[in-house]
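As structure tokens, the structure follows; a few thoughts come after it.
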Amino acid sequence: MSFLAPLFFAGLAALAVPILVHLTHKERKDVVVFPSLMFLSRIPYQAVRKQRIRHWLLFALRCLALIFLALAFARPFLDRPAAAAPVRSLGARELVILLDRSYSMDYGDRWSRAVAAAKRAVAGLGGSDRASLVTFDATATATTEPTADQGVLTAALAGIKPGAGATRYETAFKLAQRILADSKLPRREVLLISDFQRVGWDGRDSPSLPAGTTVNQVDLADAKTSNVAVTGVDFRRDYAEDRERVAITARLVNRSAEPRAGHPVTLELNGRAVETKQVNVAANAAATVDFAAVPLPAGTTRGVVRLGADALPRDNAFYFAISRGQALSVLVIDGREGGAPRSLYVERALGIGDQPNFRVTTKRLGSVTASDLAGRSLILLNDSDLPGGDLGRRLVEYVQNGGGLLVALGDRAAPRDRPAYASQLLPATADAAVDRSADRGGTLGYIDRSHPIFELFSAPRSGDFSTPRFFRYRSITPAPGDEQLARFDDGHIALLERKVGRGRVLVWASSFDGIWNDLPLQPVFLPVAHQMAKYAAAYADERPWSIVGQVANLPSIFRDSTGPGDAATKAEYVAVAPSGERTRLEGTTRRSVELREQGFYELQRAGSRGEPRVVAVNVDLAESDLTAVEPQLLTGAMIARAGADSTSLAVEASTPVELERRQGFWWYLLAAVLLLLVGETLLSNQLSRRIAVPR
Amino acid sequence: MTSNPLPGIQFLDPAVLARIGNLELVARTVVEGFLGGLHRSPHLGTSIDFAEHRAYMPGDDIRRIDWRLYGRVDRYYIKEYEADTNTNFNVLLDVSKSMSFGSGAVTKLDYARTLAACLAYFSNQQRDRVGLITWDEDLVEIVPPSAKHLPNVLHALARAAPQRPGNIERVFRKLTEQFKRRSMLLVISDFYEDPGKILDAFAQLRGRGNDLMAMHVLDTAELEFPYDGATSFEDIETGERIPVIPEYLRDQYRTMIRAHTERIEKLCGDQGVDYWLFDTSMPLDYALFAFLSRRQFLTRVR
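Each protein sequence line maps, in turn, to chains X and V. According to the numbering used here, the stretch in the first sequence is residues 1 to 695, in order. According to the numbering used here, the stretch in the second sequence is residues 1001 to 1302, in order.
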């Protein structure tokens, strides 16, 4: 018999109370009125004779009630469950130790308690028992094969530390299921050592453990937790005098019942603390911290937002990597000289917005030179003829090398005068325009909403394409390989995509000038123009950070620097993890690296001496929510899914707290106290009546 | 709603009266009464209350012939007189505050009032003149003895209310002047006084030739002291309080109260005063019957 809170035995000092009460004979408040005190007053008052306990039964009841009360508060429990002894004689067992190594196990002393519990389990192995150690966070790994060698298991335990991953119980149980299914031993047992975070289990996909499996648990959750985490950062860029500045805002959350005042938050850029602020965060609330705008240096900038220390350090730092050059350079060729410019709407549309920022340059066809194409992300032929001669050849090369070309076919884009190379870039187009002015204009009849351009409008009430009226448009004849992204209501192609080399060509069958259609006057014009420009320019949103567990696809990261063709997929790469671990990626099959650590990964082509690509990796912030699920709920789900034949499944406790909670002797003791107090009340009332009423 | 036609009639318990109906309350001393054969009177002769005339019969005392009537009608007539009430029967009832004590349903005063009422009625049936004096530290109410004062006595008994402490010595000194004729005096009290002082008070009345009876009325709780548990005891008359652990004092108390009653009884016996201790838990008819029987026995012995 042991006690969880033996200090409560100090309460036994209260036994002095009934002893004093019974020895003192507290004088009753009611006074006995007597005819005369002439005899009583003659008898000397003998105080010494009071030191004698009367009513021994009442005294015993009161003392027992106090003793039981102290026992109940001391939380007694039996060290070894009664069921353990008979089970031991049932034969060898296959034990799978599931050790949670998610980063929440770094909270306080959870990890040391977890390792101690695992060591106790290893030490408790019988001669014929076998055990395997499985560590898990989002993924599960069998650290050891099933073995009876306690030394192997203990050594494996010594080399494990909490990782940066989030908890997923399903993966751990699936691995345990496989190990137990392969075992021939008569008894199967799973020991789950975890902090039982609610986010780790969604109540679904619980694997079925083999029938007869015993699930033991070591609950390391703390009753009261306190944690502040950085949940993300936002960037606001601005450009002034060709200098790019960024203002960073950090988002914080306080996941505790107590507010935090004056919590320090520091912004570090390239390893240097730029600014530190003190922030107040209310209990169970979020807050934001705005840092002053700073100029972005050339290359990739490594940034970290750090919080002051708390019990869970992993989520106190938030890593990100940002770089300059997120503006798309767009060259608008607005027909030949002489006519009125028709690029007003499209210029205005692209001039709005900063994700990305479009830097638009408009030129007449005659004034465009080959050097104008250099460095452009997108060239927009806005109702213009195709350039001829060397400029035309350069244009084809530009597209083939990954440049984007967007062509709007208005009345000035005469198909009959196209140069010879035009067929590489554009589909065949009829001379005569389709005139829909007689029926008050046509509309868009089909849009491929699964295409990246129109994916943005796939949600309900997110873009009304029924209102634009198209009075004239060109009839396009697609070539094999061309992709039709939109069609008018009469079946003519409205938007067509052609891939040329590494570049993309988008052909819009009408104009952007508001003459052949009223699209520029409709609300949907702005997002459509942006989406067309971004897609044609192959713009990809910058990912300032990734999450632990995600995969970095190196060919896509290095696509812009490895040249055309499949050179990127054949290159060799080197990945350096935040811990300094180098990984060489060779061959054509291993093209990606799993991001397992928190911090900055450096990725580089093998042999290259240039600046490495930086990928910032953060922990999954769902894990920073330390709310625990009831262990019985989780293990009970395993029992329920094991089927009706799993009657031998049992959830047993291993820690003193669990043993005590399961045995619950204190309930019985409190019930006994209640009964004793009832008996004491009845008895003392009876005695009081005897005292008050003369016999 | 019912109401008693006569205040105090509730103290006349039919059961008690039936039980003692065949007894007599006879004065053990010579008292100033005229009832022939029942009490010995110091006066010889006849009654003074005329009743009727009847014709002379041979053998009649010729001194009782009414000569004035013979002068008018020339016949001998004898004057008949009503039988004289024999003596005064006075009840001296203690109505001090200590008499209000009662551990059960009946207080000592209730018990004493019933006792007094029954004996007064009984005595009145014997044609004694009955009177009542209630007292505490002083005289409270006096009903002079008379053959017709039974209702007054009962009324006074009903009005009696304990209010003040008692002082038997001072009261009885006053009473010495009250009784001009020798009477039967019945003292009913709890006698919380020094026995010597009580007997001094009795002696003053006995010295006047009165026949004195003392009825000592005590509650069972006063005799047995059955209390338990430490508490304070308050004197009902003085309000004084003392802490008491009854279980430790019980034996001593019982010894003391027993010695007190025995002392009074002995001193009363020495003075020729009939003494009887009444426990209020004792049925009244039984107690009264025992008292009267014993008194009759003592009278015959004498």
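Glycine included, each C-beta is placed from N, C-alpha and C at the ideal position.
Query: By the DSSP assignment, the beta strand (DSSP E) with K499/X in it spans what residues?; Result: I493 to V500
Query: Starting from Q217/X and walking both ways along the beta strand (DSSP E), at which residues does that stretch end?; Result: T214 to D219
Query: I1270/V lies in the alpha helix (DSSP H); which residues open and close that run?; Result: Per the sequence shown, residue 1270/V should be read as Asp rather than Ile. Counting along the chain, the alpha helix (DSSP H) containing D1270/V begins and ends at P1246 to Q1271.
Query: Considering only the alpha carbon of each residue, which of V199/X, L180/X and A16/X lies closest to R168/X?; Result: V199/X
Query: Determine, using beta carbons only, whether D219/X comes closer than 9 Å to chain V.; Result: no
Query: Output the distance between the C-alpha atoms of W1067/V and H1053/V, rounded to the nearest integer angstrom.; Result: 12 Å
Query: Below 7 Å CB to CB, which residues in the same chain sit around S466/X once its five sequence neighbours on both sides are set aside?; Result: T443
Query: Can at least three beta-carbon pairs, one atom from the stretch 323-336 of chain X and one from the stretch 281-294 of chain X, be found at a separation below 8 Å?; Result: no
Query: Would a check of beta-carbon distances place V651/X closer than 9 Å to chain V?; Result: With a pLDDT of only 41 at V651/X, under 50, the local geometry of the prediction cannot be trusted, and the value read off the model is given with reservation. Not closer than 9 Å to any Cβ of chain V, the Cβ of V651/X fails to qualify, so no.
Query: Along the stretch 1219-1243 of chain V, where does the CB come closer than 9 Å to a CB of chain X? Name the residues.; Result: D1219, T1220, A1221, E1222, E1224, F1225, P1226, Y1227, D1228, G1229, A1230, T1231, S1232, F1233, E1234, D1235, I1236, E1237, T1238, E1240, R1241, I1242 and P1243
Query: Can you check whether the C-beta of H1149/V is within less than 9 Å of a C-beta belonging to chain X?; Result: no
Query: Starting from P18/X, find everything on chain V with Cβ-Cβ shorter than 7 Å and list it in chain order.; Result: What P18/X touches in chain V: nothing, since even the nearest Cβ is about 16 Å away.
Query: Please report the residue range of the alpha helix (DSSP H) in which N1124/V lies.; Result: K1108 to Q1125
Query: Quick check on the burial criterion: 16 or more other C-beta atoms within 10 angstroms. Buried or exposed for L1175/V?; Result: buried
Query: Hey, would you say the C-beta of V21/X is under 8 Å away from at least one heavy atom of the ligand MN?; Result: As far as ligands go, the structure on display features none, and thus does not contain the ligand MN.
Query: Please identify the residue among R1241/V, S1281/V, F1291/V and G1272/V whose C-alpha is closest to the C-alpha of D30/X.; Result: R1241/V
Query: From the DSSP output, in three-state form, read off E680/X for me.; Result: helix
Query: Could you pull out every residue in the same chain whose Cβ sits closer than 6 Å to the Cβ of D234/X, ignoring the five residues on either side in sequence?; Result: T249
Query: What does DSSP give as the partner residues of L1092/V in its beta bridges?; Result: I1133/V and V1187/V
Query: Mind pulling the alpha helix (DSSP H) runs of 4 or more residues that sit fully within the stretch 332-363 of chain X?; Result: 344-351
Query: Skipping 5 residues on each side, what residues in its chain have a beta carbon closer than 7 Å to that of V396/X?; Result: Y421, Q424 and L425
Query: If you reduce the DSSP assignment to three classes, tell me which class E630/X lands in.; Result: coil
Query: Going along the stretch 1243-1254 of chain V in order, which residues come within less than 9 Å of chain X, judged by CB to CB distance?; Result: P1243, V1244, I1245, P1246, E1247, Y1248, L1249, Q1252 and Y1253
Query: L649/X to L209/X, Cα distance in whole Å?; Result: Caution is warranted here: a pLDDT of 38 is assigned to L649/X, below 50, making its placement in the model unreliable, and the coordinate value is therefore given only provisionally. If you take the alpha carbons of L649/X and L209/X, they lie about 10 Å apart.
Query: Taking C-beta to C-beta, are V1140/V and A1117/V nearer than 9 Å?; Result: no
Query: In chain order, what residues of the stretch 1088-1103 of chain V put their CB closer than 7 Å to some CB of chain X?; Result: S1098, F1101 and S1103
Query: Residues of chain V with CB closer than 9 Å to the CB of L682/X, please, in chain order.; Result: By Cβ distance, chain V contributes nothing, its closest Cβ being about 17 Å from L682/X, past 9 Å.
Query: Can you give me the Cβ contacts of R376/X inside the same chain, cut-off strictly under 6 Å, excluding the 5 residues immediately before and after it?; Result: S329 and L331
Query: Who are the Cβ neighbours of R412/X in its own chain at under 6 Å, not counting the five residues just before and after it?; Result: G335 and D383
Query: Is the beta carbon of A229/X closer than 9 Å to that of L307/X?; Result: yes
Query: Mind listing the chain V neighbours of P35/X? Cutoff is C-beta to C-beta under 7 Å, in chain order.; Result: S1098, F1101, D1190, Y1192, E1222 and I1236
Query: Would you list, in sequence order, the uninterrupted beta strand (DSSP E) runs of no fewer than 3 residues that lie entirely inside the stretch 101-177 of chain X?; Result: 130-136 and 140-142
Query: L682/X: buried (16+ other C-beta within 10 angstroms of its C-beta) or exposed?; Result: exposed
Query: Closest Cβ-Cβ distance between F39/X and chain V: below 9 Å?; Result: yes
Query: Against chain V, does R88/X count as a neighbour if the rule is that its beta carbon must be under 9 Å from one of theirs?; Result: Any reading at R88/X must be qualified, since the residue scores a pLDDT of 45, below 50, and its modelled position is unreliable; no value is offered.
Query: What residues of chain X sit near M1184/V, judged by a beta carbon separation below 7 Å?; Result: What M1184/V touches in chain X: nothing, since even the nearest Cβ is about 27 Å away.
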